[in-house]
Every structure is written in structure tokens, then in C-alpha cells.
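> Top to bottom, those sequences are chains X and D. So the first sequence is numbered by numbering that gives the first Met the number 0: it starts at 0 and just counts up by one. So the second sequence is numbered by numbering that gives the first Met the number 0: it starts at 0 and just counts up by one.
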Amino acid sequence: MSFFRINAVPNRTTALALSWSLFVAGTALYFWTSHQRHVENPEDRVVPSLSQMVKGMSDAALKPDEADEQEAGAENAPLWQRVHSSMLWKDTLASGKRFLWGLGLLFPAAIIGMHMALFPYVGTVFLRFILFFDKIIALSVLPILFIAFGIDELSKIMLIVIGVTPTVILDAFNLTKGVPPEQIVKGFTLGAGDFTVAYMVVLRQIWPRVLNSIRLNLKPVALFLFSGEMIASTDGLAYRIALLRRNLSMDVIIPYVLWVALLLFLVDFGMRLLNKRLHPWFREA
Amino acid sequence: MAVALRLLLSLVLVTGLTLPAFAQKPSFTVGWSVYVGWNPYYYMAKSGILRKWADKYGIAIKAQRFDYAASIDAFVAGNVDACVMTNMEALDLPAASGIDTTAVIVGDYSNGNDVVFARNGATFKTLAGKRVLLVQKTVSEYLFERGMVLNGMESQLKQVKLVNTSDSDIVTAYMSDASATGVVTWKPLASQVAKMKGVTSLFSSSQVPGEILDLAVVRTDVLNRADGSGQKFAKALTGAWYETMAQMSGPNADKVLTVVAEAGQDTLASYKEQLATTKLFYKPAEALEMTRSAGLKEKMALVRQFCFKHGLLGKNVASPDDVAIRYADGTVQGKKERVRLRFETSYMQLAGEGKL
Chain X
0 MSFFRINAVP NRTTALALSW SLFVAGTALY FWTSHQRHVE NPEDRVVPSL
50 SQMVKGMSDA ALKPDEADEQ EAGAENAPLW QRVHSSMLWK DTLASGKRFL
100 WGLGLLFPAA IIGMHMALFP YVGTVFLRFI LFFDKIIALS VLPILFIAFG
150 IDELSKIMLI VIGVTPTVIL DAFNLTKGVP PEQIVKGFTL GAGDFTVAYM
200 VVLRQIWPRV LNSIRLNLKP VALFLFSGEM IASTDGLAYR IALLRRNLSM
250 DVIIPYVLWV ALLLFLVDFG MRLLNKRLHP WFREA
Chain D
0 MAVALRLLLS LVLVTGLTLP AFAQKPSFTV GWSVYVGWNP YYYMAKSGIL
50 RKWADKYGIA IKAQRFDYAA SIDAFVAGNV DACVMTNMEA LDLPAASGID
100 TTAVIVGDYS NGNDVVFARN GATFKTLAGK RVLLVQKTVS EYLFERGMVL
150 NGMESQLKQV KLVNTSDSDI VTAYMSDASA TGVVTWKPLA SQVAKMKGVT
200 SLFSSSQVPG EILDLAVVRT DVLNRADGSG QKFAKALTGA WYETMAQMSG
250 PNADKVLTVV AEAGQDTLAS YKEQLATTKL FYKPAEALEM TRSAGLKEKM
300 ALVRQFCFKH GLLGKNVASP DDVAIRYADG TVQGKKERVR LRFETSYMQL
350 AGEGKL
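(1) Counting beta carbon pairs with one atom in the segment 163-176 of chain D and one in the segment 145-158 of chain X, are three or more of them shorter than 8 Å?
(2) Does Asp168 of chain D come within less than 7 Å of chain X when only Cβ atoms are used?
(3) Is there a Cβ of chain D sitting closer than 7 Å to that of Leu87 of chain X, yes or no?
(4) Does the distance from the C-beta atom of Phe65 of chain D to that of Phe232 of chain D stay below 7 Å?
(5) Is it buried or exposed, Glu39 of chain X, if we count other Cβ atoms within 10 angstroms and call 16 or more buried?
(6) Unbroken alpha helix (DSSP H) runs of length 4 or more, entirely within the segment 227-299 of chain D: which are they?
(7) Would you mind stating whether Ala81 of chain D and Ala62 of chain D have Cβ atoms separated by less than 7 Å?
(8) Provide the residue(s) that pair with Val131 of chain D in DSSP beta bridges, ordered along the chain.
(9) I want to see whether chain D comes within less than 7 Å of Val45 of chain X, judged by CB atoms only; does it?
(10) Applying the criterion that 16 or more other CB atoms from any shown protein chain within 10 Å of the CB defines a buried residue, is Gly72 of chain X buried or exposed?
(11) Would the beta-carbon of Leu104 of chain X fall within 7 Å of that of Val140 of chain X?
(12) Name, please, each residue of chain X whose Cβ falls closer than 8 Å to the Cβ of Val162 of chain D.
(13) Is the CB-CB distance between Ser109 of chain D and Ile211 of chain D below 7 Å?
(14) Smallest Cα separation from Asp321 of chain D: which of D:Gly310, D:Gly329 and D:Gly111?
(15) Going by C-alpha to C-alpha distance, which of D:Ala127, D:Val114 and D:Pro187 sits closest to Val33 of chain D?
(16) Going along the chain, which residues of its own chain have a beta-carbon closer than 8 Å to the beta-carbon of Lys218 of chain X, five neighbours each way excluded?
(17) Do you know offhand how far Val159 of chain D's Cα is from Asp234 of chain X's?
(18) Quick one: list the residues of chain X neighbouring Leu132 of chain D, beta-carbon separation under 9 Å, in chain order.
(19) How many angstroms separate the CA atom of Pro179 of chain X from the CA atom of Leu265 of chain X?
(20) Output the boundary residues of the beta strand (DSSP E) element that contains Thr199 of chain D.
(21) Smallest Cα separation from Val255 of chain D: which of D:Met244, D:Val148 and D:Leu349?
(22) Determine whether the beta carbon atoms of Leu236 of chain X and Asp90 of chain X lie at a separation below 7 Å.
(23) Determine the extent of the beta strand (DSSP E) in which Asp107 of chain D is found, giving its start and end residues.
(24) For a contact meaning CB atoms closer than 7 Å, what does Ala241 of chain X contact in chain D?
(25) Suppose contacts are defined by Cβ-Cβ distances below 7 Å. Is Ile104 of chain D in contact with Thr237 of chain D by that definition?
(26) Among X:Thr12, X:Met270, X:Pro279 and X:Leu247, which residue has its Cα nearest to the Cα of Thr137 of chain D?
(27) Alpha carbon to alpha carbon, how far is Ser228 of chain D from Tyr56 of chain D? Give it in angstroms, no decimals.
(28) Entirely within the segment 181-247 of chain X and at least 4 residues each: give me those alpha helix (DSSP H) ranges in chain order.
(29) List, from N- to C-terminal side, the beta strand (DSSP E) runs of 3 residues or more that fit wholly inside the segment 70-102 of chain D.
(30) Quick test of your reading: Leu224 of chain X and Gly101 of chain X, contact by CB under 8 Å. State the CB separation rounded to the nearest angstrom.
(31) Out of D:Gly263, D:Asn315, D:Leu287 and D:Val331, which one is the CA nearest neighbour of Thr344 of chain D?
(32) With 7 Å as the threshold, decide whether the Cβ of Ala76 of chain D is near any Cβ in chain X.
(33) Taking Cβ-Cβ distances shorter than 7 Å, what residues in chain D pair up with Phe3 of chain X?
(34) Answer yes or no: does any C-beta atom of chain D fall closer than 7 Å to that of Tyr198 of chain X?
(35) Taking a cut of 7 Å between CB atoms, which residues from the segment 130-159 of chain X lie near chain D?
(36) List, in order along the chain, the chain X residues whose C-beta lies closer than 8 Å to that of Thr171 of chain D?
Shown next, in the form of C-alpha cells:
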């Protein structure tokens, strides 16, 4: 069987078919289950049918949020306006803002990591503490976070920061340590100062890998964001999912989850593209 | 392959050896979660009362502890045959998902267990524009709305900013965030909130007695199983429940209650404090009176309007009548052909007559 041959070369059509086969199988299994459950109970909400999900999602994306039905409400408003006042749009906006804040704060973290690896005094101050801090399960100290940062936006962003930055810092630290010391020495002999070496020699070459490391941490960022929103909030994608869960509205939850997956994929794809553009010489995935 | 086969074989042998008794007996699962009115299930299972009653009817019953939301999910998905929940959740979760649900035991009602608090002297009249922490779309929000309505502030409901807050963190969230004016929660969490400085209780479920009921519900299809085992299950469960109730109010009450409190990692004193604000129906007669009263219909009418208004009955439901409720006297609230929640008194009746 060519499945277990290292030297096998699948042709284009086979490769295409095989790469989609699990998607097809998963989707088929889902709709089969959904069908079975609907035969038994036509009002089943746990495994909604396609038409239920389409309706649920179009309501979410096109109808005004229940909180302010009186203000928008118009069925015949232009499409953009309807999307604009929909709960999906508002939730995405609210979550997106927090997500970008969390993501943005990972960049300074990478810089800190580089400084720790390069400047011995900075390293001695931070390294041990960050190694310890990295092992703290942020979610288990939530009450402390609440007391320190309130329960508003700040605490949600801090949850992301506390959860993800240590990883990024340590990764940037390791990447910096991986830069050959000869290059640094060479920089000095060519007359560069400390910061020129740090920013022009070291940072330049670790940057694509740092971007990659941040990209690989998108999932933890989203995870902490969702935890934060599920604990206390008034809007956001995870807030909506938490509410809908009480109501077993899987017909909206499943499209919401797919929407979040799409957004994450797009951010990931965008960062990959950016990395390629900025550093065409960088070949690692 | 050979290894897999041997594994399979040993598995078959092991299950065959250890579970011969279950193989013939119909077995049932009841899901419960930690709450003052449901903790007795812990004692019921631990003390052997449940097994005794199951044996009497020739069936096997397992009591499985869940988180509250998960227990209802399991009930709706069909993984448990019976479950404990409030009247509101019975209506807006299983019943509204098309699962025909029968309430066989009306265990208690919240008589002050659920509380609306506010700080800095705020009242219902001044809550507009302020933030209130609660678990949205649950009895907490129901209680809050009832409080607003009864204080003549219905028109201001939309002006209050509700913050959906997980019950596991609601106390610390309220404690640490002074910008949150109000909080709605239940005991034992409410007892912790009550101890905070500058916090007063605005409203509690004792002002709307009988509107937040705690039920034991069984899937109607299980109850109507052709072999009659579902009926036996309901009988055994009801019998075990009222024996537990008798012990909890009997001469050795403190000893029993200590074990019951253990269910929620609670102390006897704290559990007793919760019991004080819970109208637990120790005797079947009290539960029957409540379930047969005309008041129940009025209270359920309020609850179903709330559920409908908040879209909890489902997207395609055009009126609350589409999720109809059948009462003990046979009257139906809503469309007769769409009965989804039933109040069944025959088991409690049998318990009261000592015929179980």
C-alpha cells in the first residue's frame, strides 16, 4: 500500500481528494447525526440542521441586537446598515478590540525577551522571575486579577498578557541566545554601539522568528480572551456563546464558532503573508 | 491485531464478570447539582436509601453529580433519564427543545435564597444606567425583572446595564469592582455578599414565593416505556426522596443534614442557614397542595412570559403557547397539541398515601 511508503508521490487529484476527505467525512457524520436526532425530535436544538444554522446565523448577522430593537428595527434598511447594527458585528468588534490589544502587547514582550538575552544585567533581573511566572496558571488566580484590574476591559486584556507573554518572552530569549556570538563581536569591531548591535544586528534577524512565535500563540490569546469574556462581560463573541449556551442555541453557536475560526485563520494568514513580505529571505513555516 | 483482540476479550470478560446484575435490570440515571434543594440526592445515594428503593422495584438507579448547566445539557441530550432543575429551566431548556418533560417531584421553592443586592444605598428607582452583575437568562435575571416590575420601574429595565458574570466568580467580581452597583445571586454565594460593607438587600425570592420552584423531572418517553420500568423508576425516586425528607426532618436531623451539607463542601450551620430561606416540602401533602393550587398556573404564566420575551423558548416560537404546560388537573396552558412540560402529581400522591 502506498499509504505507508515514504517515497510515494500522490498525484494532484488524489492529493486534493484526500486532503478534503476528513472534512467531507466530518460534515457527513454531523448531518447524519443531526438528521437522526431530528427524526426523533423535530425541535432538537442540540445538533441543529443546516437550515436552522443558516437561519440562526442570518438572524445574528442581519437583525438588530435584542437590546436595542427599537432604535434600528427597520427590515428594509440597506444591507450594510443592518449588518452594522447586528449582534454579530457588535460582538466581533468588541472581541476584536480586546484581541488586538492583547496581540499588540506581545510585541514589546518579545523586545523584553531580546534584552534579557543580550544584556546580562537585564537578564539577571528578569529571567528567574519570568521562568516562575510562566508556570502560573492565570485562570486560577482570577480573583486577584479582578481586585487588581477591575472586571472591565483591562482585566480581560491582562488575562491575555499574563497568560501568553511569558511564553513569548522566553521564546524571544531563546531565539536571541541562538544568534552566533561572532556576529555580535563583529558588530562591535565594526564600531557599533550596544543598541546598534541589539536592534540592527540581533533584532533584525530574530524578528521573522519572533513574528512566527507570536503567530503560533494566536490560539492561546483567543483562548484567554474567551475565558475572560465568559467570566464577566456585556458583549463579545464569547459572551454571546456563553449566553446562547444557557439556551442550547447550538444553531447560532456552531456558526459563531466557525466564524471565530475563520477570523483566526485570516489573522494567521495575514501574519504569514506579512512575514513573507517583510523577510523574503526567511523560509521557515 | 492479536493484541487488540485479546484486549477486547478481556474487556468483555471483565464487564461480564462484574456487571451481571445490571445486565438484566433496567438501569436509570438521575442527574443532580449542588444546591440547597438538591443536595439531599447526595445523602440519598450515600446512605443507601436510593439503592433500597431501586431494589424494591427491581431496577438500578445511579445518582450522578454534574455542574448545573451540564446536568441540563445531559438531560436534553438523553444521557440522563431524570434531572433536577428549576421550573424556568425545565420550561426553556428541555421543554422548549422539544423534549417532553414531566415533573414528578416538586421539591421546594426559593423563599429568600435568591437575592438582589445593591451598594451605596442604591434602590430599584436609581438603578437605571448602573451596572448589575448576574448570570443572564436565568432565574437571577427573572428575579431582577420581577423586582423592577414590582417596584414600578418596568420602563427602566433596558436602562440597567446587565453584566453577564459566571457564578464561580461573581462574589469576587462584585467585591473588587466598586463600579458594579448591583448583583443578583443565590445562596450560599448570597450569604457572602450580604456580609460585605455598604451592601444592602433590595429584593429576594421570598417576595415572590413559589415562582422559583425546584423540580425533579423525568423524560416523558422514559416514563412511558412500554415495559413499565419508567414508572417504577419514578416511583422508586419519589419513594427515596420522601424517605430522605423524613430523615432530614426527623429526630436525627442534624446528623443527616451534616452529610447533606457535605454534598456542597458546606458546613451544617451554613446549610441550615440556606434551609431557612428555602421552603422545602418535607411532606408529600405540602408539595401536592402547591402543585395543585391555582397559584401555580399564575406563577408559571409569569415565568413563561419572561422566557418568551427573552427568546429562551427558541427562535421559531411565535407565542409562548407553542411550549404548552399541562397541570395536574388536566388543564393546559397553551396549545393542547404542543404540551411539553407536565406537572404529574400521582407519584407524590402515592407517596403521601404510603402506597409506594
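Glycine included, every Cβ here is placed at the ideal spot set by N, Cα and C. The model shown is predicted, which means the values in this text are computed figures rather than measured ones.
Put simply:
(1) Yes, they touch.
(2) Against the second sequence, residue 168 of chain D aligns to sequence position 169. So yes, Asp168 of chain D belongs to the interface.
(3) Mapped onto the first sequence, residue 87 of chain X falls at position 88. The beta carbon of Leu87 of chain X does not come within 7 Å of any beta carbon belonging to chain D, so the residue lies off that interface.
(4) Residue numbering aside, residue 65 of chain D sits at position 66 when the second sequence is read from its first letter. Residue numbering aside, residue 232 of chain D sits at position 233 when the second sequence is read from its first letter. Judged by their CB atoms, Phe65 of chain D and Phe232 of chain D are not nearer to each other than the 7 Å cut-off.
(5) Walking along the first sequence from the start, residue 39 of chain X turns up at place 40. Under the 10 Å beta carbon count, Glu39 of chain X is surrounded by fewer than 16 other beta carbons and is classified as exposed.
(6) Correct list: 228-247, 252-261, 267-275 and 283-291.
(7) Indexing the second sequence from 1 puts residue 81 of chain D at position 82. Indexing the second sequence from 1 puts residue 62 of chain D at position 63. The Cβ atoms of Ala81 of chain D and Ala62 of chain D lie no closer than 7 Å to each other.
(8) Along the second sequence, one-based indexing puts residue 131 of chain D at 132. Looking at the DSSP assignment, Val131 of chain D forms a beta bridge with D:Leu161 and D:Gly181.
(9) Taking the first sequence and counting its residues from 1, the one referred to as residue 45 of chain X is at position 46. Yes, Val45 of chain X lies at the interface with chain D (some Cβ there is under 7 Å from its Cβ).
(10) By 1-based counting over the first sequence, the position of residue 72 of chain X is 73. A caution first: Gly72 of chain X carries a pLDDT of 49, below 50, which makes its placement in the model unreliable, though a value can still be read off. Classified as exposed, Gly72 of chain X has fewer than 16 neighbouring CB atoms from the shown chains inside 10 Å of its CB.
(11) In the first sequence, residue 104 of chain X corresponds to position 105, counting from 1. In the first sequence, residue 140 of chain X corresponds to position 141, counting from 1. Contact flag unset, no.
(12) Along the second sequence, read from residue 1 onward, the residue named residue 162 of chain D stands at position 163. Those are Ile150, Ala231, Ser232 and Thr233, listed as they occur along chain X.
(13) Looking up residue 109 of chain D in the second sequence gives position 110. Looking up residue 211 of chain D in the second sequence gives position 212. Contact annotation: Ser109 of chain D and Ile211 of chain D have beta-carbon atoms nearer than 7 Å.
(14) For the purposes of this step, residue 321 of chain D is taken as residue 322 along the second sequence, with counting starting at 1. The shortest C-alpha separation from Asp321 of chain D is found at D:Gly310.
(15) For the purposes of this step, residue 33 of chain D is taken as residue 34 along the second sequence, with counting starting at 1. For the options D:Ala127, D:Val114 and D:Pro187, the alpha carbon positioned closest to that of Val33 of chain D is the one of D:Pro187.
(16) Numbered from its first residue, the first sequence carries residue 218 of chain X at position 219. Contacts found: Leu263.
(17) Looking up residue 159 of chain D in the second sequence gives position 160. Looking up residue 234 of chain X in the first sequence gives position 235. For Val159 of chain D and Asp234 of chain X, the distance between alpha carbons rounds to 15 Å.
(18) Counting from one through the second sequence, the residue named residue 132 of chain D turns up at place 133. Per Cβ cutoff of 9 Å: Ile150 and Ala231.
(19) Stepping through the first sequence from its first residue, residue 179 of chain X is reached at position 180. Stepping through the first sequence from its first residue, residue 265 of chain X is reached at position 266. Cα-Cα distance, rounded: 34 Å.
(20) Locating residue 199 of chain D in the second sequence gives position 200, counting from the first residue. Residues Val198 to Ser203.
(21) Counting from 1 along the second sequence, the entry for residue 255 of chain D is found at position 256. For Val255 of chain D, the closest of D:Met244, D:Val148 and D:Leu349 by C-alpha to C-alpha distance is D:Met244.
(22) As a first step, residue 236 of chain X must be located in the first sequence, where it is residue number 237. As a first step, residue 90 of chain X must be located in the first sequence, where it is residue number 91. Yes. Within cutoff.
(23) In the second sequence, counting from the first residue as 1, residue 107 of chain D sits at position 108. Its beta strand (DSSP E) spans residues Thr100 to Ser109.
(24) One-based indexing of the first sequence puts residue 241 of chain X at position 242. Those are Asn163, listed as they occur along chain D.
(25) Numbered from its first residue, the second sequence carries residue 104 of chain D at position 105. Numbered from its first residue, the second sequence carries residue 237 of chain D at position 238. Cβ distance < 7 Å, so Ile104 of chain D and Thr237 of chain D count as in contact.
(26) The sequence position of residue 137 of chain D within the second sequence is 138, counting from 1. Per the C-alpha coordinates, the member of X:Thr12, X:Met270, X:Pro279 and X:Leu247 positioned closest to Thr137 of chain D is X:Leu247.
(27) Taking the first residue of the second sequence as position 1, residue 56 of chain D is located at position 57. Taking the first residue of the second sequence as position 1, residue 228 of chain D is located at position 229. When rounded, the distance between both Cα atoms is 9 Å.
(28) For the segment 181-247 of chain X, whole alpha helix (DSSP H) runs of length 4 or above, ordered along the chain, are 203-215, 217-230 and 236-245.
(29) Inside the segment 70-102 of chain D, DSSP marks whole beta strand (DSSP E) runs of 3 or more residues at positions 81-85, from first to last along the chain.
(30) The residue given as residue 224 of chain X occupies position 225 in the first sequence. The residue given as residue 101 of chain X occupies position 102 in the first sequence. Confirmed, about 6 Å.
(31) Locating residue 344 of chain D in the second sequence gives position 345, counting from the first residue. Out of D:Gly263, D:Asn315, D:Leu287 and D:Val331, the CA that lies nearest to the CA of Thr344 of chain D is found in D:Leu287.
(32) For the purposes of this step, residue 76 of chain D is taken as residue 77 along the second sequence, with counting starting at 1. It does; some Cβ of chain X falls within 7 Å.
(33) In the first sequence, residue 3 of chain X corresponds to position 4, counting from 1. Correct list: empty, because the minimum Cβ distance to chain D is about 16 Å.
(34) For the purposes of this step, residue 198 of chain X is identified with residue 199 of the first sequence, where counting begins at 1. No, no contact with chain D.
(35) Going along the segment 130-159 of chain X in chain order, one finds Leu141, Pro142, Phe145, Ile146, Gly149 and Ile150 with a Cβ nearer than 7 Å to chain D.
(36) The residue labelled residue 171 of chain D in the question sits at position 172 within the second sequence. Result: Leu141, Pro142, Phe145 and Ile146.
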